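Reviewing the structure listed below.
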Amino acid sequence: MTDVQTRPEATCQHGRSGAPRRAVFAGAGAVGAACLLAACGTSSSGAGDEPGFTNDPIPAGSASPGAGSTGGGDSSGGGAALAAVADVPEGGGIIKGDLVITQPQAGTFKAFSKVCTHQGCDVSKVDGGVIFCPCHKSEFSITDGSPQGGPAKQPLPETKVKVDGDNIVAA
Ligand code: FES
Numbered sequence: 049m050t051d052v053q054t055r056p057e058a059t060c061q062h063g064r065s066g067a068p069r070r071a072v073f074a075g076a077g078a079v080g081a082a083c084l085l086a087a088c089g090t091s092s093s094g095a096g097d098e099p100g101f102t103n104d105p106i107p108a109g110s111a112s113p114g115a116g117s118t119g120g121g122d123s124s125g126g127g128a129a130l131a132a133v134a135d136v137p138e139g140g141g142i143i144k145g146d147l148v149i150t151q152p153q154a155g156t157f158k159a160f161s162k163v164c165t166h167q168g169c170d171v172s173k174v175d176g177g178v179i180f181c182p183c184h185k186s187e188f189s190i191t192d193g194s195p196q197g198g199p200a201k202q203p204l205p206e207t208k209v210k211v212d213g214d215n216i217v218a219a
C-alpha cells in the first residue's frame, strides 16, 4: 500500500512488468485504476519490445490491409496473368516465363513448357505454326505440342489455360 502511494508515476510507467505490476494490483484503488487506464491509452512507450505490434488499432469497420487492395485490378482469384490476350498472335504464339503460349485458332489459347523434350534446351521462337528449338531443330505443333520435325519424339507438356478478361491465366 505504501509503495503505491510513494511511487505512483513509476507504477504507471512500468505497469506491464515485474514488481511495479504487483504494486498496481496490491493498490487496487483509485491510483491503480488510473494507472491501468493510463497504460491502455499511452502510445509512446512499451511497444518497442514487441515486433510488429502497433498501438494504432485498426478502426472498427476497416478491412484488413490485404482485403481492400484489389479495387480496379484484374485479379479475380483465377491466378496470375500468364500473358495478355492481345500479346499472343493468332496462328502463332509467344514465349513468356517458362511457357510457350499459343493461339492456334482465334480465341483458342494453349500453353506448353518451353523446355524441349529432346535434350532440354529452351525453345526459341514460334513461327509458321510451329514452336522451334534451336539446339537440334526440333519443331512442335502450336495446337497440341506434338513433335513435327527434328529429333524430339515427345510432345511439349501442356499447361491448361483459360481467358480471364484481357488475360490468359492458368485454368
Ligand atoms: S534439345 Fe531441342 S532439338 Fe535437341
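Numbering follows the numbering used here, with no gaps: position 2 of the sequence shown is 50. Here a beta-carbon is modelled for each residue, glycine too, at the ideal position from N, C-alpha and C. What you are looking at is a predicted structure, and each value in this text was computed from that prediction instead of being measured.
Enumerate in chain order the residues of its own chain whose CB-to-CB distance from residue i is below 7 Å, with the five nearest sequence positions on each side excluded.
{"i": "PRO199", "result": "HIS166, HIS184 and SER186"}
Between residue i and the rest of its own chain, which residues show a CB-CB distance below 6 Å, the 5 nearest in sequence each way excluded?
{"i": "CYS26", "result": "In the structure as shown, the chain begins at 49 and stops at 219. Residue 26 is therefore absent and cannot be evaluated."}
{"i": "PHE157", "result": "GLN151, VAL209 and ILE216"}
So is the beta-carbon of residue i under 8 Å away from any non-hydrogen atom of the ligand FES?
{"i": "ALA154", "result": "no"}
{"i": "ALA217", "result": "According to the sequence shown, residue 217 is Val rather than Ala. VAL217 Cβ: outside cutoff for every heavy atom of the ligand FES."}
{"i": "SER161", "result": "no"}
{"i": "LYS173", "result": "no"}
{"i": "GLN167", "result": "yes"}
{"i": "PRO137", "result": "no"}
{"i": "LYS210", "result": "no"}
{"i": "PRO199", "result": "yes"}
{"i": "SER189", "result": "no"}
{"i": "LYS185", "result": "yes"}
What are the start and end residues of the beta strand (DSSP E) that includes residue i?
{"i": "SER161", "result": "156-161"}
{"i": "LEU204", "result": "Where LEU204 is concerned, there is no enclosing beta strand (DSSP E), given that its DSSP letter is neither H nor E."}
{"i": "ILE142", "result": "141-144"}
{"i": "THR150", "result": "147-153"}
{"i": "HIS195", "result": "A quick correction: the sequence has Pro, not His, at residue 195. Here the beta strand (DSSP E) through PRO195 covers 195-197."}
{"i": "SER189", "result": "187-189"}
Would residue i be called buried (16 or more neighbouring beta carbons within 10 Å of its own) or exposed?
{"i": "GLY193", "result": "buried"}
{"i": "ALA76", "result": "Note that ALA76 scores a pLDDT of 41, beneath 50, so its modelled location is shaky; the value from the coordinates is reported in the next line. Exposed, because fewer than 16 other Cβ atoms sit within 10 Å of the Cβ of ALA76."}
{"i": "ALA128", "result": "exposed"}
{"i": "PHE188", "result": "buried"}
{"i": "ALA159", "result": "buried"}
{"i": "PRO137", "result": "exposed"}
{"i": "PRO195", "result": "buried"}
Who are the Cβ neighbours of residue i in its own chain at under 8 Å, not counting the five residues just before and after it?
{"i": "ALA219", "result": "LYS208, VAL209 and LYS210"}
{"i": "ASP146", "result": "SER161, LYS162 and VAL163"}
{"i": "VAL174", "result": "GLY140, GLY141, ILE142, ILE143, VAL148, THR150, PHE180 and ILE190"}
With a cut-off of 8 Å on the beta carbons, I'd call residue i and residue j a contact; round off their distance for me.
{"i": "VAL171", "j": "ILE143", "result": "7 Å"}
{"i": "ALA131", "j": "ASP214", "result": "Between ASP214 and ALA131 the Cβ distance is about 10 Å, and since that is not below 8 Å, they are no contact."}
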